[in-house]
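Read left to right, the sequence shown gives residues 1 to 210 (UniProt numbering).
Glycine included, every Cβ here is placed at the ideal spot set by N, Cα and C.
Report on one structure; see the data block that follows.
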Amino acid sequence: MKFQGKVLNWNDEKGFGFVEPNGGGKRAFVHIKAFKPRSRRPVNGEVILYELIQDNNNRYKAENIQFARDARDLKKRSHAKKGSHLGEVFIALFCAVLLTSTYFGKLPLIITSIYIVMSLIAFATYAIDKSAAQKNHWRIQESTLHLLSLIGGWPGAFFAQKKLRHKSIKKEFKRVYWVTIILNLSGLFWIHTEKGRNVINNVIYPLFNG
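Written as structure tokens, this is what we have:
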């Protein structure tokens, strides 16, 4: 069973101290060697996760210790990695449907081209914003990133989030991002209807043909 508590009376020179469990309970001895993995040294007041062990002298000590912050970050990365695999499968299926629909003439080639171009633009825009964030320069507005996703750049935005690790764990941004995907796919579905095809043939094509 894992407990959570704060490090107290830490002696960094000797590498030991104590932990006081949150909500009350047995104070336990903490040794630097009990941290797994031993990524850094604790400080007084830091929150840790640990297992409580009682030795032969009826003294309590903490074992298999993790920093609570590191455990939360690891959990977030695990969820993000799982989500990215599902996203990759989703995009692969989308591309297969898109290319099949284009091949059989149900979807104009210009629509497929728009997805490719907008995805490249979206990826590049994410890269520019990532660089600006690292250099503390002027940032690209999130509404711009969402607009690129809405008009077909969402596959490129997905890979930018994954490869560049940019906007990938910001929950509010991700929620809006998935809304743009739903709206975009709704529009793509509409294009496949008779009314949508009429708009493409009578409005969109004439624009590109002059």
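With distances taken from CA atoms, which of Leu-109, Phe-90 and Phe-189 is nearest Phe-159?
-> Phe-90
If Trp-10 and Val-47 are in contact, beta carbons under 8 Å, what's the gap, nearest whole angstrom?
-> Contact doesn't hold; Cβ gap of about 13 Å is too wide.
Tell whether a beta-carbon distance below 7 Å holds between Tyr-60 and Leu-49.
-> no
Distance CB(Leu-150)-CB(Thr-102) smaller than 7 Å | no
Among Lys-14, Lys-33, Lys-6 and Arg-38, which has the Cα closest to the Cα of Gly-25?
-> Lys-6
CB-CB under 8 Å to Met-1, same chain, minus the five flanking residues each way: which ones, in chain order?
-> Glu-51 and Leu-52
At which residues does the alpha helix (DSSP H) containing Glu-172 begin and terminate?
-> 171-191
Please classify Leu-49: does DSSP put it in a helix, a strand, or coil?
-> strand
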